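Colleague:
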Amino acid sequence: MRIFAELGQSTFLDQLPEDKEVHNNEGELLDPLSEGYRFNLEQRRITEAKIQEKKIQYHVSESILEESNTVLKSIMVQFHEMYARFKRANCTIIEHMSHGIAP
-14 MRIFAELGQS TFLDQLPEDK EVHNNEGELL DPLSEGYRFN LEQRRITEAK IQEKKIQYHV
46 SESILEESNT VLKSIMVQFH EMYARFKRAN CTIIEHMSHG IAP
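With the numbering used here, letter number 101 in the sequence shown gets 86, and the count goes up by one each step, no holes.
Below is the structure:
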């Protein structure tokens, strides 16, 4: 299961209305004007901000990984091209040596 939704999509916290009934750890209903209620909403906002930050970090990491893979593929292509040139040059040298021709 993917932990992070795509950026721009709402999370479960977005779907909770501000005036939702909020209960404390003992299951008691909190008064919307109470300190506990405001604290709970603030904690929800803090949690949402942390989730957004993690989403951004995830997407940045994913972007860096994709770029690294692209660079690695490019290096591999260059290596194979250089190796093919080396093999051709080596075959030419061996062929010249077998015919007594100095390279």
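Glycine included, every Cβ here is placed at the ideal spot set by N, Cα and C. Just so you know, these numbers come straight off a predicted model, no measurement behind them.
Could you check the C-alpha separation between Gln63 and Arg73 for me, to the nearest Å?
Modeller: Walking along the sequence shown from the start, residue 63 turns up at place 78. Walking along the sequence shown from the start, residue 73 turns up at place 88. Taking the straight line joining both Cα atoms gives about 15 Å.
Colleague: In angstroms, rounded to a whole number, what distance separates the CA positions of Cys76 and Glu66?
Modeller: Counted from its first residue, the sequence shown places residue 76 at position 91. Counted from its first residue, the sequence shown places residue 66 at position 81. Distance between the alpha carbons of Cys76 and Glu66 is about 15 Å.
Colleague: Please report the distance separating the alpha-carbon of Ser83 from that of Ser48.
Modeller: Taking the first residue of the sequence shown as position 1, residue 83 is located at position 98. Taking the first residue of the sequence shown as position 1, residue 48 is located at position 63. Going by the C-alpha atoms only, they are around 53 Å apart.
Colleague: For the alpha helix (DSSP H) holding Ser46, just list the boundary residues, first then last.
Modeller: Looking up residue 46 in the sequence shown gives position 61. That run of the alpha helix (DSSP H) goes Glu20 to Ser83.
Colleague: Quick one: what's got a C-beta closer than 6 Å to Arg70's C-beta in the same chain, skipping five residues either side?
Modeller: Numbered from its first residue, the sequence shown carries residue 70 at position 85. Nothing meets the Cβ criterion.
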